[in-house]
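Presented below is the structure to which this report refers.
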Amino acid sequence: MTEPAGPPARGMSRLLVLLLSLTCGISVGNIYFPQAISPLVAVGLDVPPDAAALVATAVQLGYAVGIFLLVPLGDRVPYRPLIACLLVATGLGLLTAAMAPALPPLVAASALIGTTTVIAPLVSPLAAGLVGEERRGAVIGMLLSGSIGGMLLSRAFGGLLGDWLGWRAPYLVAAVLVLITAGVLAFAVPRTAPPSAQRYPALLGESLRLLRTEPELRRSCFYQAMVFAGFTAVWTGVALLLTGPAYRLGAPAVGALAVVGAATMFCTPIAGRQADRRGPDAVNLVCMIGAIVAAAVLVVGASGGIAGMVALVLGTLLLDVAMQSGMVANQVRIYALRPEVRSRLNTAYMTCAFLGGSAGSWLGVRAFAQFGWPGVSGLVALLAGTALTGHLIAMRRLRFRAKAAV
Numbered sequence: 584m585t586e587p588a589g590p591p592a593r594g595m596s597r598l599l600v601l602l603l604s605l606t607c608g609i610s611v612g613n614i615y616f617p618q619a620i621s622p623l624v625a626v627g628l629d630v631p632p633d634a635a636a637l638v639a640t641a642v643q644l645g646y647a648v649g650i651f652l653l654v655p656l657g658d659r660v661p662y663r664p665l666i667a668c669l670l671v672a673t674g675l676g677l678l679t680a681a682m683a684p685a686l687p688p689l690v691a692a693s694a695l696i697g698t699t700t701v702i703a704p705l706v707s708p709l710a711a712g713l714v715g716e717e718r719r720g721a722v723i724g725m726l727l728s729g730s731i732g733g734m735l736l737s738r739a740f741g742g743l744l745g746d747w748l749g750w751r752a753p754y755l756v757a758a759v760l761v762l763i764t765a766g767v768l769a770f771a772v773p774r775t776a777p778p779s780a781q782r783y784p785a786l787l788g789e790s791l792r793l794l795r796t797e798p799e800l801r802r803s804c805f806y807q808a809m810v811f812a813g814f815t816a817v818w819t820g821v822a823l824l825l826t827g828p829a830y831r832l833g834a835p836a837v838g839a840l841a842v843v844g845a846a847t848m849f850c851t852p853i854a855g856r857q858a859d860r861r862g863p864d865a866v867n868l869v870c871m872i873g874a875i876v877a878a879a880v881l882v883v884g885a886s887g888g889i890a891g892m893v894a895l896v897l898g899t900l901l902l903d904v905a906m907q908s909g910m911v912a913n914q915v916r917i918y919a920l921r922p923e924v925r926s927r928l929n930t931a932y933m934t935c936a937f938l939g940g941s942a943g944s945w946l947g948v949r950a951f952a953q954f955g956w957p958g959v960s961g962l963v964a965l966l967a968g969t970a971l972t973g974h975l976i977a978m979r980r981l982r983f984r985a986k987a988a989v
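According to this note's numbering, the stretch in the sequence shown is residues 584 to 989, in order.
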């Protein structure tokens, strides 16, 4: 049964879009800076590098859990108190991680941080409900630009600050930023009326039901899980590559490589406008092909030296653009399905995406351990190729149905 939507809140000003984009960046950064400081954690806590990489995996897995358990509340609880409370919980988790005396407590705190820093998946459906359909792709692209900025700059911030002051310093600074943001958003987020009066268990069940009943949601989830798994495999493995014998660089090099991908911030609004104009399927196709090309470029990075570094820069940049632009297309597709359940649609979508991401982090470490950097690059090609195959099959089915309907 379709639920009545709550009364609309006031619209989205440019200042509010910028503020929410910054919030997305700060929140998403908490997921990614641990990738850059993983070698520092290994040295600081005297554990093997592959064991320290569990911190990044725990954050990704916690994020998937948080999306599934907490994002559906966006359809039941007003966004303003929900977002502010989650930011406060994230800040406390970051402080706990900064004080962790050993790896197991740090992994546990990282899982907590990932679970509560699910602000971006809440902000996206909030914004989708405050703008018209003709602007939705562009606004989602702007919010994703903020998330990308946080993703990229947090790696640079984590690597540089961690190398200078130790691995605990990035957690402390991130905690301060998150708590300040919580105070600002407690007043800046518009008052909204939640569209659903369902109880919490029903909200969780609805996300699973939507996966079963909405084929467009399922394929969007599949596309993003595959490509995002390759993305996280690369960024988990590249820290091991750059600090290993091929390059012998420090943690700041990982952050510096991430900064190069800042150009992605300018690509996602373009991808959003193209999805509005040409449809998300066309954008997905280009992005999947781009991810496969990125894998072919990245494999050259195993050679080391200037040629290898150039390949890493170009390959990670292309992969960043492909993954993030594909995410814009997928979200445009799912937000057009059922306006009254956007948070639950996004819950299903983002949960699948970050389950793929956490699996990609784990697979990336294993591929690097067994086959080196070529193994990681091959994994990216395999995952993106799987997504492309599924997309081509889906497009063929849609064309067949369209002809049959004429």
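Quick reminder that beta carbons are idealized off the backbone N, C-alpha and C, glycines included.
Use the C-beta contact count for residue 889: other C-beta atoms within 10 angstroms, 16 or more gives buried, fewer gives exposed. Exposed, because fewer than 16 other Cβ atoms sit within 10 Å of the Cβ of residue 889.
Segment contact, 8 Å Cβ cut-off, at least three pairs: the segment 753-773 with the segment 676-687: The segment 753-773 makes contact with the segment 676-687, as at least three CB pairs between them are under 8 Å.
What would DSSP say about residue 733, mapped onto helix, strand or coil? Of the three classes helix, strand and coil, the one that applies to residue 733 here is helix, per DSSP.
May I ask which residues mark the beginning and end of the alpha helix (DSSP H) holding residue 792? Start and end: 783-796.
Kindly indicate which residue of 790, 968, 708 and 764 has the alpha-carbon position closest to the one of residue 672. The shortest C-alpha separation from residue 672 is found at 764.
Expressed to the nearest angstrom, what Euclidean distance is found between the alpha-carbon atoms of residue 918 and residue 925? Their backbone Cα atoms lie some 6 Å apart in a straight line.
Near residue 762, which residues of its chain fall below 8 Å by C-beta distance, leaving aside the five closest residues on each side in sequence? The answer, listed in chain order, is 670, 671 and 674.
For a test of the three-state rule: what should DSSP assign to residue 821, helix, strand or coil? Helix.
Residue 903 to residue 785, Cα distance in whole Å? Their Cα atoms are separated by approximately 36 Å.
Nearest residue (CA-CA) to residue 846, options 882, 910, 702 and 896: For residue 846, the closest of 882, 910, 702 and 896 by C-alpha to C-alpha distance is 896.
Does any residue of chain D bring its CB to less than 8 Å from the CB of residue 602? Included in the structure is just one protein chain, with no chain D present.
Got a sec, what are the start and stop residues for the alpha helix (DSSP H) residue 894 sits in? Its alpha helix (DSSP H) spans residues 888-918.
For residue 849 and residue 795, what's the separation of their Cα atoms in angstroms? Computed Cα separation, rounded: 35 Å.
Among the candidates 704, 734, 830 and 635, whose CA atom is the shortest distance from the CA of residue 936? Residue 704 is the option with its Cα nearest to residue 936.
Tell me the rounded alpha-carbon separation between residue 624 and residue 750. Going by C-alpha positions, residue 624 is about 6 Å away from residue 750.
On the criterion of 16 or more Cβ atoms from any shown chain inside 10 Å, does residue 687 qualify as buried, or is it exposed? Around the Cβ of residue 687, a 10 Å sphere holds fewer than 16 other Cβ atoms; the residue is exposed.
How would you label residue 953, buried or exposed, when you count the other beta carbons within 10 angstroms and need 16 or more for buried? Under a 10 Å Cβ-count criterion, residue 953 is classified as exposed, with fewer than 16 other Cβ atoms of the shown protein chains found around its own Cβ.
Rounded to whole angstroms, what is the Cα-Cα separation between residue 780 and residue 921? Their Cα atoms are separated by approximately 16 Å.
Secondary structure, alpha helix (DSSP H): runs of 4+ residues fully inside the segment 655-721: Complete alpha helix (DSSP H) runs here, min 4: 662-681, 686-699 and 702-713.
Since residue 874 contacts residue 813 with CB under 8 Å, what's their CB separation in whole angstroms? Under the criterion of beta carbons closer than 8 Å, residue 874 and residue 813 qualify as touching, at roughly 6 Å.
Reduced DSSP secondary structure (H/G/I, E/B, other) of residue 750: If DSSP states are grouped into helix, strand and coil, residue 750 belongs with coil.
Alpha carbons only, please: which of 822, 745 and 945 is nearest the one belonging to residue 885? The option with the nearest alpha carbon to residue 885 is 822.
In this structure, how does DSSP classify residue 856 when only helix, strand and coil are distinguished? In the three-state reduction of the DSSP assignment, residue 856 falls in the helix class.
Test item: CB-CB of residue 950 and residue 966 under 8 Å: Contact: no.
In whole angstroms, what separates the C-alpha of residue 773 from that of residue 960? Annotation: residue 773 to residue 960 spans about 44 Å, alpha carbon to alpha carbon.
Report the option in 744, 856 and 978 whose CA atom is closest to the CA atom of residue 619. Ranking the options by Cα distance to residue 619, first place goes to 744.
Residue range of the alpha helix (DSSP H) that residue 863 falls in? Where residue 863 is concerned, the enclosing alpha helix (DSSP H) starts and stops at 863-881.
With H, G and I counted as helix, E and B as strand and the rest as coil, what does DSSP make of residue 767? When secondary structure is reduced to three states using DSSP, residue 767 falls in the helix class.
So, at 8 Å on beta carbons, what are the nonlocal neighbours of residue 830 in its own chain, with the 5 sequence-adjacent residues on each side left out? The residues are 824, 836, 887, 891 and 892.
Exposure of residue 910, with buried meaning 16 or more beta-carbon neighbours within 10 Å: Classification for residue 910: buried.
Could you check how far apart the C-beta atoms of residue 731 and residue 907 are, in whole angstroms? I think they sit under 8 Å. Between residue 731 and residue 907, the beta carbon gap of about 5 Å places them in contact (Cβ cut-off 8 Å).
First and last residue of the uninterrupted alpha helix (DSSP H) at residue 772: Annotation for residue 772: no alpha helix (DSSP H) segment contains it, and DSSP assigns it neither H nor E.
By how many angstroms is the C-alpha of residue 899 removed from the C-alpha of residue 868? Rounded to whole angstroms, residue 868 and residue 899 show a C-alpha spacing of 19 Å.
Sub-8 Å separation of residue 614 and residue 643 beta-carbons: Taking the C-beta atoms as reference points, residue 643 is found nearer than 8 Å to residue 614.
So, under 8 Å CB-CB, residue 697 and residue 646 are touching, yes? Tell me the CB distance rounded to an integer number of Å. Residue 697 to residue 646, Cβ: 4 Å. Contact.
Residue 693 and residue 819 - do their beta-carbons sit closer together than 8 Å? No; because the gap between Cβ atoms is not below 8 Å, this pair is not in contact.
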